[in-house]
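*Asks:* The following block contains the structure, expressed as structure tokens.
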Amino acid sequence: MNRNSRKRLCFLGLSLIIPVILLAVFVVYPFWELIYMSFLEWDGVASIRPFIGGANYRQLFFKSPEFWQAFRNNLTYLLIHGLMMPLELVLAVVLSSRFKGANFVKAVIFLPFIINGVGISYSFSYFFSPVEGGFNYLLTKLGLGGFIQSWLSDPKIVNYVLSSVSIWRYMGFHIVLFMAGLASVPEDIMDAAVVDGANAWQRLRFIQIPAIRTVIDFMLFDVINGSLQMFDIPYIMTSGGPNGASNTFSIYTIDTAFKYNNFGLASSMAVIMIAMIVAVQLIQRYITSRIRRKEGHYA
Amino acid sequence: MKKRPYVLASSLALALAVTGCGGGGGASSNSGGGETTKAAQENQASDDSGQDQADNSGQEAAGSADRDISCTITLATWDVAAAKTFDELDLEGRFQELYPNVTIDIEEFNAEPEYFNSMKIRSSASELPDLMFHKSDSMNQYKEYLVDLTDTAANKDNQIASEYAIDGKVYGIPDRKANDYVYYWTDLFEEAGVSVPETWDEFVQVSETLQQHFGASDPEFAAICMGAKDAWPTYPLMEYGPASESGDGYYWDFMTTEDAPFAEGTAIRTVYTKIFNLFQKGVLGADPLGVTYDQSRALFAKKKGAMVLNSPMFLTAYLADGYDPAGLETFYLPFRDSKDDPFNLVTQGDCFLTVTQHSENPEVARAFLEFYYSDAWYPDYIASISSDSTMNSFPKELDPVLQTASKLQPDVTFVTYGAGESDFIHMVSETKFDCKELGVEMLTEGFDLDARFDELDAVWTEARSKLGL
Numbered sequence: 012m013n014r015n016s017r018k019r020l021c022f023l024g025l026s027l028i029i030p031v032i033l034l035a036v037f038v039v040y041p042f043w044e045l046i047y048m049s050f051l052e053w054d055g056v057a058s059i060r061p062f063i064g065g066a067n068y069r070q071l072f073f074k075s076p077e078f079w080q081a082f083r084n085n086l087t088y089l090l091i092h093g094l095m096m097p098l099e100l101v102l103a104v105v106l107s108s109r110f111k112g113a114n115f116v117k118a119v120i121f122l123p124f125i126i127n128g129v130g131i132s133y134s135f136s137y138f139f140s141p142v143e144g145g146f147n148y149l150l151t152k153l154g155l156g157g158f159i160q161s162w163l164s165d166p167k168i169v170n171y172v173l174s175s176v177s178i179w180r181y182m183g184f185h186i187v188l189f190m191a192g193l194a195s196v197p198e199d200i201m202d203a204a205v206v207d208g209a210n211a212w213q214r215l216r217f218i219q220i221p222a223i224r225t226v227i228d229f230m231l232f233d234v235i236n237g238s239l240q241m242f243d244i245p246y247i248m249t250s251g252g253p254n255g256a257s258n259t260f261s262i263y264t265i266d267t268a269f270k271y272n273n274f275g276l277a278s279s280m281a282v283i284m285i286a287m288i289v290a291v292q293l294i295q296r297y298i299t300s301r302i303r304r305k306e307g308h309y310a
Numbered sequence: 030m031k032k033r034p035y036v037l038a039s040s041l042a043l044a045l046a047v048t049g050c051g052g053g054g055g056a057s058s059n060s061g062g063g064e065t066t067k068a069a070q071e072n073q074a075s076d077d078s079g080q081d082q083a084d085n086s087g088q089e090a091a092g093s094a095d096r097d098i099s100c101t102i103t104l105a106t107w108d109v110a111a112a113k114t115f116d117e118l119d120l121e122g123r124f125q126e127l128y129p130n131v132t133i134d135i136e137e138f139n140a141e142p143e144y145f146n147s148m149k150i151r152s153s154a155s156e157l158p159d160l161m162f163h164k165s166d167s168m169n170q171y172k173e174y175l176v177d178l179t180d181t182a183a184n185k186d187n188q189i190a191s192e193y194a195i196d197g198k199v200y201g202i203p204d205r206k207a208n209d210y211v212y213y214w215t216d217l218f219e220e221a222g223v224s225v226p227e228t229w230d231e232f233v234q235v236s237e238t239l240q241q242h243f244g245a246s247d248p249e250f251a252a253i254c255m256g257a258k259d260a261w262p263t264y265p266l267m268e269y270g271p272a273s274e275s276g277d278g279y280y281w282d283f284m285t286t287e288d289a290p291f292a293e294g295t296a297i298r299t300v301y302t303k304i305f306n307l308f309q310k311g312v313l314g315a316d317p318l319g320v321t322y323d324q325s326r327a328l329f330a331k332k333k334g335a336m337v338l339n340s341p342m343f344l345t346a347y348l349a350d351g352y353d354p355a356g357l358e359t360f361y362l363p364f365r366d367s368k369d370d371p372f373n374l375v376t377q378g379d380c381f382l383t384v385t386q387h388s389e390n391p392e393v394a395r396a397f398l399e400f401y402y403s404d405a406w407y408p409d410y411i412a413s414i415s416s417d418s419t420m421n422s423f424p425k426e427l428d429p430v431l432q433t434a435s436k437l438q439p440d441v442t443f444v445t446y447g448a449g450e451s452d453f454i455h456m457v458s459e460t461k462f463d464c465k466e467l468g469v470e471m472l473t474e475g476f477d478l479d480a481r482f483d484e485l486d487a488v489w490t491e492a493r494s495k496l497g498l
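Taken in sequence, the protein lines are chains A and B. Just so you know, we're using the working numbering here: the first sequence kicks off at 12 and counts up by one. Just so you know, we're using the working numbering here: the second sequence kicks off at 30 and counts up by one.
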């Protein structure tokens, strides 16, 4: 090995060691501590932390209906965001075509995503308020006063209301991502398809969707990850209420730790959440790679 | 004086980081109108029997630490209004008359939950502030980090600190005490033709009449402005109800000795059934769970509500918001069934000042605590808030709005409230029993109270068995 190679190797080693140390200190060690804490009984304050094995996990799975309710609520967000994806794709296709004011429309659609989530949540909690709330006012002015509901306090509808706020916030982001993917489709292929007589649906199905599969994969992961970790909107708008009806996994975890002083149980919930996200990601990868193989595309 | 506001966002970030996702012992009787001074005198008499009278002159009370020491001591509070008062009354400047080189760093949190969330994390990192305020129940949890204040002059002169001793040691000195009130608009009562209730049934009747009278023309009207979306405003009913019904301020601790504390005939079941029946009459307005506490306060100010159940802090905040108190009066919430029964009134100490063992300057911190309860600071401070004094040497006259309650109901039995000791805290962790959330549950459609009692008894029995109680 010559002198230059040694220098390069030394530089490379030093360049890598710092990120590795940072990763170990700020990611690996906290994660290890989190897993360890999930086997303890700890109120978050006491210096004594008895080891209780898998009791926290057993309690979660077999004695915590609130845990499953929170999980179901997260699935509501996932379902609604998932159902909205085709619509977002269609809107992205429409907005990708050239028309007057397209840039303005794109900016307006993207705007909610860049507004602070806490601000959005506060605004919507007043918008849906039964006292001088904007939404009820609009309904009344439109002669639809009979449709007025307890938007944020009726357990039957609260999750859908909160999901709609989430959709409002993230839709623009998803559309812009789709548009970025669609922009990468070569124009000559699209022109050739038009010449061959392909209609808009056929162009979307057989050219554009296969071309943006990587974007769709990312979007799916983002939607699953975001839905499972949903926190700010329900926490600020309802605090998980009424009576836990809009609790999500994250809110329930925080309540368990800070309200009920059970950090061990909360840690086990955090571990389960991480495991779920990893599992979903693996399943998603498996399914998409199977589809690609089937269609003759190899990852 | 340096003030550090800790906003919601920072606390949420901390919370997220942790989750990895991005018998009657408390009752004391009192008769007569001036509740404050009389209670003070009674407690004074009992204190004098066993303890030396404290010396409260600022100079002498401020301890024996080195007067020339140069350091910064931190004081953490969740009470934004109190932090503002510290600034306005120049807390630091007054202390510097005794300790010229000591600066005070006020750590101000905008809400109690965020405050305790942060303190939990800091306790595990051995980074608690030198001095911190506590609730009566939180002292139990933090006792291993707190300094024993039993022998302080502040404790010896305090009316109720010893009632919150843990294992015989006083860890915190309450800077105020309060009982709850029902704030009401006299003109609305007159218009609806109702008078101040003296029993629970009368209270229910008054609420119903008000709701029917004003609610018919105003769908936003609520006879009782609760703001139950926030859950905590249900506490005058859900938290104090069992203590008032039983006359036992330490009812939560009593419950930890029972396998089925929600069984038929128990005080908690009786009072919760009363409350549930009240809620069923729609006297909290059309959508009580959709309205926050702040909104309910604004509605009350606009007279879209006739009553509010809250502590003297409500009045402090109400006046600070610039609302006009003309026509506003108070009465005590009657849980009793008959006028012949004693009128139990739950009262509790609040804002317990403690010195932590993490303090780098424990002598100065202790000196500050003595100064805080001396005539160099306390009289001006307690006069600036609505709550009552806890110090024998500095009784205060309550706000005229609050005095109306004691004039209407001069014969009350004070029940000193304890928020639950360590066994109860462990039971709450195990069972996730939250009385205020139960109040919210009662307001949800289709709620089955009897089934819920059975469910609570079942988890209670199991938890006691698990904890070996």
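C-beta atoms are modelled at their ideal positions from N, C-alpha and C, and glycine is treated no differently.
How far does the beta strand (DSSP E) with Ala335/B in it extend, from its first residue to its last?
*Replies:* Where Ala335/B is concerned, the enclosing beta strand (DSSP E) stretches over Gly334 to Asn339.
*Asks:* Which parts of the segment 233-281 of chain B are runs of the alpha helix (DSSP H), unbroken and 4 residues or longer, counting only runs that do not cross its ends?
*Replies:* Those alpha helix (DSSP H) runs which fall completely within the segment 233-281 of chain B and span 4+ residues are 264-267 and 270-275.
*Asks:* Buried or exposed: Cys50/B, going by 16 or more other Cβ atoms within 10 Å of its Cβ?
*Replies:* For Cys50/B, the predicted model reports a pLDDT of 38, less than 50, meaning its position is unreliable and no value from the coordinates is stated.
*Asks:* Check each candidate in Asn130/B, Thr285/B and Tyr347/B and name the one with the smallest Cα separation from Ile102/B.
*Replies:* If we check each option's Cα against that of Ile102/B, Asn130/B comes out closest.
*Asks:* Below 9 Å on C-beta distance, what does Leu328/B contact in chain A?
*Replies:* Here the neighbours are Val142.
*Asks:* Rounded C-beta distance between Pro141/A and Ala315/B? I'm assuming under 8 Å.
*Replies:* About 7 Å separates the two Cβ atoms, so the contact holds.
*Asks:* Entirely within the segment 153-178 of chain B and at least 4 residues each: give me those alpha helix (DSSP H) ranges in chain order.
*Replies:* Listed in chain order, the complete alpha helix (DSSP H) runs (minimum 4 residues) inside the segment 153-178 of chain B are 165-171.
*Asks:* Tell me, please, which residues DSSP counts as bridged to Ala105/B.
*Replies:* Its beta-bridge partners are Glu136/B and Met161/B.
*Asks:* Between Tyr347/B and chain A, is there a C-beta pair that is closer than 8 Å?
*Replies:* Tyr347/B does not count as touching chain A.
*Asks:* Determine the chain A residues that contact Leu239/B at a beta-carbon separation under 8 Å, and present them in chain order.
*Replies:* The contacting residues do not exist; Leu239/B stays about 18 Å from chain A at best.
*Asks:* Which residues of chain A have a Cβ atom closer than 9 Å to the Cβ of Pro142/B, listed in chain order?
*Replies:* Correct list: Phe269 and Lys270.
*Asks:* Could you tell me which of Glu459/B, Glu474/B, Phe381/B and Leu478/B sits nearest to Ala492/B, measuring between CA atoms?
*Replies:* The shortest C-alpha separation from Ala492/B is found at Glu459/B.
*Asks:* What is the DSSP secondary structure of Phe62/A, counted as helix, strand or coil?
*Replies:* In this structure, Phe62/A counts as strand in the three-state DSSP scheme.
*Asks:* Run through chain A and tell me which residues come within less than 8 Å of Gln324/B, C-beta to C-beta.
*Replies:* What Gln324/B touches in chain A: Ser140 and Val142.
*Asks:* Figure out for me which residue from Pro221/A, Gly128/A, Phe242/A and Tyr263/A has the closest Cα to the Cα of Ser300/A.
*Replies:* Taking only the C-alpha atoms, the option nearest Ser300/A is Pro221/A.
*Asks:* Just to confirm before moving on: does the CB-CB distance between Ile414/B and Arg205/B stay below 8 Å?
*Replies:* Yes, these two residues count as a Cβ contact at 8 Å.
*Asks:* Which value, in whole angstroms, describes the spacing of the CA atoms of Gln432/B and Gly270/B?
*Replies:* Near 22 Å, if we compare the C-alpha coordinates of Gly270/B and Gln432/B.
*Asks:* For Ile322/B versus Pro262/B, is the C-beta distance shorter than 8 Å?
*Replies:* Here residue 322/B turns out to be Tyr, not Ile, going by the sequence shown. Yes, the pair counts as a contact, with Cβ atoms nearer than the cut-off.
*Asks:* Quick one: list the residues of chain A neighbouring Tyr171/B, beta-carbon separation under 9 Å, in chain order.
*Replies:* Those are Val56, listed as they occur along chain A.
*Asks:* Does any CB atom of chain A fall closer than 8 Å to the CB of Ala260/B?
*Replies:* Closer than 8 Å: yes.
*Asks:* What span of residues does the alpha helix (DSSP H) with Ala207/B cover, start to end?
*Replies:* Element bounds for Ala207/B: not the alpha helix (DSSP H) but the beta strand (DSSP E), Ile202 to Asn208.
*Asks:* Counting pairs of beta carbons, one from the segment 183-190 of chain B and one from the segment 304-312 of chain B, are three or more of them closer than 8 Å?
*Replies:* Touching, no.
*Asks:* Rounded to the nearest angstrom, how far is the Cβ of Ala296/B from that of Tyr279/B, given a contact under 8 Å?
*Replies:* Actually they are not in contact, since the Cβ atoms of Ala296/B and Tyr279/B sit about 12 Å apart, beyond 8 Å.
*Asks:* Mind checking whether Ser152/B and Val56/A have CB atoms under 8 Å apart?
*Replies:* Cβ atoms of Ser152/B and Val56/A: closer than 8 Å.
*Asks:* Report yes or no: is there a C-beta of chain B within less than 8 Å of the C-beta of Ser164/A?
*Replies:* Yes, contact with chain B.
*Asks:* Do Glu474/B and Arg481/B have their C-beta atoms closer together than 8 Å?
*Replies:* Taking 8 Å as the Cβ cut-off, Glu474/B and Arg481/B do not qualify as a contacting pair.
*Asks:* Use the C-beta contact count for Cys23/B: other C-beta atoms within 10 angstroms, 16 or more gives buried, fewer gives exposed.
*Replies:* Limits of chain B in this structure are 30 at one end and 498 at the other, which puts residue 23/B out of reach.
*Asks:* If you run the structure through DSSP and keep just helix, strand and coil, what is Val205/A?
*Replies:* If DSSP states are grouped into helix, strand and coil, Val205/A belongs with the helices.
*Asks:* Provide the residue(s) that pair with Glu358/B in DSSP beta bridges, ordered along the chain.
*Replies:* Note: Glu358/B sits in a beta bridge opposite Tyr213/B.
*Asks:* Which residues in the same chain as Val234/A place their Cβ atom closer than 6 Å to its Cβ, once the five residues preceding and following it in sequence are excluded?
*Replies:* So the list reads His92, once near-sequence residues are dropped.
*Asks:* On a Cα-Cα basis, can you pick out the residue from Ser273/B, Leu382/B and Cys380/B that is closest to Thr445/B?
*Replies:* If we check each option's Cα against that of Thr445/B, Ser273/B comes out closest.
*Asks:* Which residue from Gly275/A, Thr267/A, Phe184/A and Phe274/A puts its Cα closest to that of Met95/A?
*Replies:* Measuring from the Cα of Met95/A, the nearest candidate turns out to be Phe184/A.
*Asks:* Are the CB atoms of Leu106/A and Lys117/A within a distance shorter than 8 Å?
*Replies:* For Lys117/A and Leu106/A, yes; Cβs fall inside 8 Å.
*Asks:* What residue from Phe242/A, Ala211/A and Asp199/A has the CA that sits closest to Tyr88/A's CA?
*Replies:* When only C-alpha atoms are compared, the closest one is Phe242/A.
*Asks:* Would you list, in chain order, the members of the segment 425-459 of chain B that have their beta-carbon closer than 9 Å to a beta-carbon of chain A?
*Replies:* Those residues of the segment 425-459 of chain B that come within reach of chain A (Cβ to Cβ, closer than 9 Å) are Ile454, His455, Val457, Ser458 and Glu459.
*Asks:* Check whether the Cβ of Tyr480/B lies closer than 8 Å to any Cβ atom in chain A.
*Replies:* Rather than Tyr, the amino acid found at residue 480/B in this sequence is Ala. Not closer than 8 Å to any Cβ of chain A, the Cβ of Ala480/B fails to qualify, so no.
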